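In the numbering used here, the protein residues as written are 2 to 203.
Where is the CB? At the ideal position from N, CA and C, for every residue including glycine.
Only a predicted model underlies this, so the values are computations on that prediction, with no experimental measurement involved.
Comments concern the structure below.
In structure tokens form, the structure reads like this:
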């Protein structure tokens, strides 16, 4: 079956993301910074919001657990966009070229609903996407097979119609098992080569 459609992940495929980009501005000591992002405001804690948990509840709970870091924890939500320093090198150019070639574009992202509302309007590249499934809105997270089933249904795709691109190996494996071809993203050059091989880019 011919692949006609491209479905992207967002974080670390289209845009860089790391909590350190924000908190290195606020914590001068490197050892304290590492303690903070591995024990206080951590990726695992952040992922609760991706799964649909409300930010206010998460922040209040974390401040109660680490009151000495209250000010820093409180900065997480209003300054979240500072954890995203910019696009992954070369990726947005690929999106633009696919759009110019009239390739249908979609995305499936593990992203909290409230944080997505603050990030999405800052990036006009998303205007090129026909639809984006956001985990925090749906309360489904990759690699749950249900999120891929939802994507096929909502995007109007049949199994085998689309290639899904993600930096997380577990998400790639689940996509392959649930109706998508898949590319494990490492860099834009490797992705471009695969898209050319699939005749999606010239």
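Here residue 106 is near residue 7, since their CB atoms are less than 7 Å apart. Residue 77 and residue 141 have their alpha carbons spaced roughly 23 Å apart. When the beta-carbon positions are compared, residue 111 and residue 136 come within less than 7 Å of each other.
Residue 176 is not a Cβ neighbour of residue 186, given a cutoff of 7 Å. For residue 132, the uninterrupted beta strand (DSSP E) run begins and ends at 132-135, by DSSP. For residue 67, there is no enclosing beta strand (DSSP E), as DSSP marks it with neither H nor E. If the five residues before and after residue 195 are omitted, its C-beta is found closer than 7 Å to the C-beta atoms of 184, all from its own chain and listed in chain order. By DSSP's assignment, residue 108 forms a beta bridge with 9 and 133.
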